[in-house]
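Encoded as structure tokens, the structure appears first; notes follow it.
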């Protein structure tokens, strides 16, 4: 069950702390992307993922006053396969629904984070369906 909203958290490290909390649902540790001043960081470990978040422990403390961003990026694949006449596993189904919920949250965040200068393009087919064209751009 996903009971929290949000997909990212940022910190301004002090140069000594190595443990940071990601307080949002996470299915797999590999779904977490960590950057420091926009550069991907890989020298950390993640506690067991849960619906309430994880703890991220760095090998070396992030640089003081840098911008540390912990962001969930859930893969948009579908790995559940229900076979006719086999038993129904409720946990498998619940996990698939949780993954869809996280993906929807992320897509919603991406949509809402468009700046007013970002293009928002609408397409219209010609009446004879021979071409497409832009009818409006923001």
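Residue numbers (the numbering used here): 1 to 138. Ideal Cβ positions, reconstructed from N, Cα and C, are used throughout, including at glycine.
- For residue 62, count neighbouring C-beta atoms within 10 Å of its own C-beta (all shown protein chains included) and say buried if the count is 16 or more, exposed if not. buried
- Query: What number of angstroms, rounded off, separates the C-alpha of residue 14 from the C-alpha of residue 80?
  - Reply: Rounded to whole angstroms, the gap between the alpha carbons of residue 14 and residue 80 is 42 Å.
- Message: Looking at the strands, I want to know which residues DSSP matches up with residue 26.
- Response: In the DSSP output, where bridge partners are listed per residue, residue 26 has none listed.
- Query: Any chance the region 66–76 sits against the region 18–33, with 3 or more Cβ pairs inside 8 Å?
  - Reply: yes
- Item | Contact under 8 Å by Cβ, residue 42 with residue 56 | no
- Range covered by the beta strand (DSSP E) that runs through residue 72: 68–72
- Task: For the beta strand (DSSP E) holding residue 88, just list the boundary residues, first then last.
- Result: Unbroken run through residue 88: none, as it is neither H nor E.
- Message: Measuring alpha carbon to alpha carbon, tell me which residue in 65, 64, 48 and 53 is nearest residue 5.
- Response: 53
- Message: In whole angstroms, give me the CA-to-CA distance for residue 30 and residue 82.
- Response: 25 Å
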